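A quick write-up on the structure given underneath.
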Amino acid sequence: LLNYPDFRSHERGFQLMMQAAGRAGRNKKQGKVIIQSSDPTQPIYDYILKYNYEGFYNEQIAERKLFRYPPFTRLITIVFKDKNENKVERGSNRFAGMIKPSLGNMVLGPNKPVISRIQQYNIREILLKLDINMSASKIRGFLKQVEVQLREDNEFKYLHIYYDVDKM
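When we follow my numbering, the leftmost residue of the sequence shown carries the number 986, and every step to the right adds one.
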């Protein structure tokens, strides 16, 4: 769980382990929680052992600020799906190439997600890390305009594209 490639993985792990610890000691009985880990030196375990919510929060919020994650930025994941892997690869690469001149280093990808195929559909994702002050309507309009341009090429006319804004 802690090694899952998501900026919230430590937060989720902390929450689950603290919840397990809270449930283990109910009804005036002393409980015991055993955590198995391939890397017990991770700082998260110190926060859990000391029930240090504030310390954990302060570390996480500092990392989010440093690496430009919410609440300091807005994240938009652009998801591409198609049964043809080459088409989804080419379409997502072309889309990224069309938005990078305007958005620069705010564009990450395209990448294969951890689960890169669901049923018969291949998936690629582009992650946008946008300044919190950027106009949502302007970004939406810009992305729709790029999508329309991409779809002018018949190869990408039916490529599934959708936007996940600040996904949880």
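Beta carbons are placed, not taken as given, at the ideal position from N, Cα and C, and that holds for glycine.
Please read these numbers as outputs of a predicted model, since none were measured by experiment.
Candidates the options: which alpha carbon is nearest residue i's?
i	options	result
ASP1149	GLN1000, LYS1085, LYS1013, ILE1111	ILE1111
ILE1108	GLU996, LYS1014, GLU1074, LYS1017	GLU1074
GLY1094	GLN1105, LEU1113, SER1101	LEU1113
THR1058	LYS1142, VAL1131, SER1120	SER1120
ASN1071	LYS1085, LEU987, LEU1144	LEU1144
SER1101	LEU987, ASP1116, LYS1066, ALA1081	LYS1066
LYS1068	ASN1118, ILE1103, ILE1046	ILE1103
MET1078	ASN1096, PRO1086, GLY1089, SER1087	Checking the displayed sequence, the identity of residue 1078 turns out to be Asn instead of Met. Among ASN1096, PRO1086, GLY1089, SER1087, the Cα nearest to that of ASN1078 belongs to ASN1096.
SER1087	GLN1045, LYS1123, ILE1117	LYS1123
GLN1027	GLU1044, GLN1105, VAL1131	GLU1044
In this structure, what does DSSP give as the bridge partners for residue i?
i	result
ARG1060	First, the residue type needs correcting, since residue 1060 is Leu and not Arg in the sequence shown. LYS1114, per the DSSP bridge assignment.
ILE1146	PHE1065
TYR1106	ILE1103
ASN1096	GLU1110
Beta-carbon separation of residue i and residue j under 7 angstroms?
i	j	result
GLY1076	PHE1141	yes
VAL1064	TYR1147	yes
ILE1033	MET1002	yes
GLY1016	ALA1005	no
PHE992	TYR1038	no
LEU1115	PHE1080	no
Tell me where the alpha helix (DSSP H) around residue i begins and ends.
i	result
PRO1086	1070 to 1088
VAL1131	1121 to 1136
GLY1040	1038 to 1051
PHE999	994 to 1009
TYR1032	1029 to 1034
From which residue to which residue does the beta strand (DSSP E) around residue i run?
i	result
GLY1016	Counting along the chain, GLY1016 falls outside any beta strand (DSSP E), and DSSP gives it neither H nor E.
Assuming residue i and residue j form a contact by the criterion Cβ under 8 angstroms, report the distance between their Cβ atoms to the nearest whole angstrom.
i	j	result
PHE1041	PHE999	6 angstroms
ILE1029	LEU987	7 angstroms
LEU1060	ASP1138	That belief does not hold up - the Cβ atoms of LEU1060 and ASP1138 are roughly 27 angstroms apart, past 8 angstroms.
PRO990	VAL1131	Contact flag wrong, Cβ pair sits at about 26 angstroms.
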